[in-house]
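The listed protein sequences derive, respectively, from chains A and B.
Numbering-wise, the first sequence is residues 635 to 906 according to the working numbering.
Numbering-wise, the second sequence is residues 635 to 906 according to the working numbering.
For each residue, glycine too, the CB sits at the ideal point set by N, CA and C.
Here's the structure, in structure tokens; my notes come after.
2 protein chains.
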Amino acid sequence: MTGWVEKLDAVARSSGSLVCVGLDPDPRRMAVSDVAEFNRAIVDATKDLVCAYKPQLAFYEALGMDGLRALEKTISHIKDVAPDILLIGDCKRGDIGSTAAAYAQAMFDVWDFDTVTLHPYLGRESIEPFTERADRGAIIVCRTSNPGAAELQDLKLTGDGVEGKLFEHTARLASEWNSRGNVGIVVGATYPGEMAELREQHPDMPFLIPGVGAQGGDVEAATRAGVNAEGRGVIISSSRGIIYASEEAGTFASAARQAVESLRDQINEARK
Amino acid sequence: MTGWVEKLDAVARSSGSLVCVGLDPDPRRMAVSDVAEFNRAIVDATKDLVCAYKPQLAFYEALGMDGLRALEKTISHIKDVAPDILLIGDCKRGDIGSTAAAYAQAMFDVWDFDTVTLHPYLGRESIEPFTERADRGAIIVCRTSNPGAAELQDLKLTGDGVEGKLFEHTARLASEWNSRGNVGIVVGATYPGEMAELREQHPDMPFLIPGVGAQGGDVEAATRAGVNAEGRGVIISSSRGIIYASEEAGTFASAARQAVESLRDQINEARK
Numbered sequence: 635m636t637g638w639v640e641k642l643d644a645v646a647r648s649s650g651s652l653v654c655v656g657l658d659p660d661p662r663r664m665a666v667s668d669v670a671e672f673n674r675a676i677v678d679a680t681k682d683l684v685c686a687y688k689p690q691l692a693f694y695e696a697l698g699m700d701g702l703r704a705l706e707k708t709i710s711h712i713k714d715v716a717p718d719i720l721l722i723g724d725c726k727r728g729d730i731g732s733t734a735a736a737y738a739q740a741m742f743d744v745w746d747f748d749t750v751t752l753h754p755y756l757g758r759e760s761i762e763p764f765t766e767r768a769d770r771g772a773i774i775v776c777r778t779s780n781p782g783a784a785e786l787q788d789l790k791l792t793g794d795g796v797e798g799k800l801f802e803h804t805a806r807l808a809s810e811w812n813s814r815g816n817v818g819i820v821v822g823a824t825y826p827g828e829m830a831e832l833r834e835q836h837p838d839m840p841f842l843i844p845g846v847g848a849q850g851g852d853v854e855a856a857t858r859a860g861v862n863a864e865g866r867g868v869i870i871s872s873s874r875g876i877i878y879a880s881e882e883a884g885t886f887a888s889a890a891r892q893a894v895e896s897l898r899d900q901i902n903e904a905r906k
Numbered sequence: 635m636t637g638w639v640e641k642l643d644a645v646a647r648s649s650g651s652l653v654c655v656g657l658d659p660d661p662r663r664m665a666v667s668d669v670a671e672f673n674r675a676i677v678d679a680t681k682d683l684v685c686a687y688k689p690q691l692a693f694y695e696a697l698g699m700d701g702l703r704a705l706e707k708t709i710s711h712i713k714d715v716a717p718d719i720l721l722i723g724d725c726k727r728g729d730i731g732s733t734a735a736a737y738a739q740a741m742f743d744v745w746d747f748d749t750v751t752l753h754p755y756l757g758r759e760s761i762e763p764f765t766e767r768a769d770r771g772a773i774i775v776c777r778t779s780n781p782g783a784a785e786l787q788d789l790k791l792t793g794d795g796v797e798g799k800l801f802e803h804t805a806r807l808a809s810e811w812n813s814r815g816n817v818g819i820v821v822g823a824t825y826p827g828e829m830a831e832l833r834e835q836h837p838d839m840p841f842l843i844p845g846v847g848a849q850g851g852d853v854e855a856a857t858r859a860g861v862n863a864e865g866r867g868v869i870i871s872s873s874r875g876i877i878y879a880s881e882e883a884g885t886f887a888s889a890a891r892q893a894v895e896s897l898r899d900q901i902n903e904a905r906k
């Protein structure tokens, strides 16, 4: 059974791209009003240029049942036209064991995501129902790129084996939880120095790197800091910078393609 | 505009109950197969005995669109027959600002919850879209009752004004984020000593206390440790211990009523 990390590696090789497109539909900015149609156009225009798609569940839930039906159609379309591309459910769930098992059922059996983002705050048993499936897995929120991230994530720890900042310990825990090789971590693009240290400490875990584009992270610096020894192992995600590159009906899909190409090239330049 | 904390206080006074029933439908245990019908029977049998209902979203999401439609019907039924009872969305979301705003839209505008549970890991801006609504608010996951909780929550901090454990600092942050009086914290029932300290440090914040019943927390100890100076300010939540008190079609509703009465009385005895 192929796991999501192997799937990522295969598609990154075959496409020559480490770009992930975040599918975050916002009716105020979409050039067409139908979410599924909008996503379909984005996917069709970019599917030879990316290694992953990452729907952020909040944007579908915000639209009620219609939004969730659009998510269903979007996933089904991706499975149809681009089954090799990694499908990440950006849901940032995190709950006690029995509830986590229900969330795993939702994310894997209902939605059919390959892997999902999770909060670390409730510990190993909140992660286990996701990682015990060999063909699926989890990406643990470790260091985010938002301004308020420091409030908890930069807290300094004291004690045997836990020195350093909270996010560094979260990465260590993720690594401990990674006994099956299907755990990654979220590391925001805005702190390349910290990313380089995390990569040194965790040479093999995949990094999901949001925060380039609209959030202002430096693509080249993040890529150089994040890649593993093979120059891969990172999923560099941009949402608004790609899907709203144009907000015009006639051009949004081609503008998205252009934005992905440009991001892919920037990343590949930095990997050299 | 009445906030959720005032709504809680009003219903706790009028019902004389601090019990919250967790509506966590599990098809393997439900005495009737239709989720909305099951919940409706539980609500009808308990609505004069509780201060809150708390659907855990994972259990609905796990059932796909049917589950979400059942949640819709359940909420609509509660609003019809028991509009004064607090409705808590146990979703434990936590994301960057623009995404958090979409989740707030989902939880308040789509689902119409009075308040929701949130992860603290991304800091203030992940909470703000929920608390900026005067009639809604948030309950921050602080100290959970699961065995793995200690992995992160008990980490010892060092630095000016942050000494102590991570969960204590989370409670301090929740208190800072509480400028509008609509923030509470989740404190598991299994650690009454820690709960008493948190109550001393935060005399006014409401505590959502899961972990009694199936999770093994001591009701009397948790109540005595958690109540505020007025003997209220706690929401004591039980799910499986109530809704699966009987798994027989003929008796599950009356057994749920009996379990709620018994829990209410235990709590009220401890408040004396």
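How many Å lie between GLU706/A and ILE712/A at the Cα?
10 Å
Give the C-beta separation of PHE693/B and GLY723/B to the nearest angstrom, bearing in mind that I take them to be a contact with Cβ-Cβ under 8 Å.
The Cβ separation is near 12 Å, so there is no contact.
In the stretch 703 to 768 of chain B, which residue ranges form an unbroken beta strand (DSSP E) of at least 3 residues, counting only runs that do not cross its ends?
720 to 727, 749 to 752
Select from the stretch 746 to 768 of chain A all residues with a C-beta closer than 7 Å to any C-beta belonging to chain B, and list them in chain order.
HIS753, PRO754, TYR755, LEU756, GLY757, ARG758, GLU759, SER760
If you measure between the beta carbons of ILE819/B and LEU652/B, is that distance less than 8 Å?
no
Quick one: is LYS726/A near chain B, going by C-beta distance under 8 Å?
yes
Do three or more CB pairs link the stretch 760 to 771 of chain B to the stretch 737 to 753 of chain A at distances below 8 Å?
no
For HIS613/B, which residues in chain A fall below 9 Å Cβ to Cβ?
Because chain B is modelled from 635 through 906, residue 613/B falls outside the range shown and cannot be assessed.
Any C-beta of chain B under 8 Å from that of GLU695/A:
yes
Spell out whether any CB of chain B is found under 8 Å from the CB atom of PRO781/A.
yes
6 Å CB neighbourhood of ALA939/A in its chain, flanking five on each side removed:
Outside the shown range of chain A, which is 635 to 906, sits residue 939/A, and nothing can be said about it.
Pick helix, strand or coil for TYR825/B, following the three-state DSSP scheme.
coil
Taking only the alpha-carbon atoms, compute the straight-line gap between ILE719/A and GLY650/B and give it to the nearest angstrom.
55 Å
Residues bridged to CYS776/A by DSSP?
BP columns for CYS776/A are empty, so no partner.
C-alpha gap between VAL864/A and VAL645/A, whole angstroms
Per the sequence shown, the amino acid found at residue 864/A is Glu instead of Val. Going by the C-alpha atoms only, they are around 14 Å apart.
Please report the Cβ distance between HIS753/B and LYS790/B, rounded to the nearest whole angstrom; I am assuming they are in contact, meaning their Cβ atoms lie under 8 Å.
The pair is not a contact, with the Cβ atoms about 21 Å apart (cut-off 8 Å).
Answer yes or no: does any C-beta atom of chain A fall closer than 8 Å to that of LEU800/B?
yes
Span of the beta strand (DSSP E) around ALA879/B
No beta strand (DSSP E) contains ALA879/B, which DSSP labels as neither H nor E.
Look up LYS688/A in the DSSP assignment and say whether it is helix, strand or coil.
strand
So with CB distances below 9 Å, who are the chain B contacts of GLY731/A?
ASN780, PRO781, GLY782
Starting from VAL861/B, follow the alpha helix (DSSP H) in both directions and report where the run begins and ends.
From DSSP, VAL861/B is part of no alpha helix (DSSP H); its letter is neither H nor E.
Residues sharing a beta bridge with LYS906/B, DSSP:
Partner(s): none; LYS906/B has no beta bridge.
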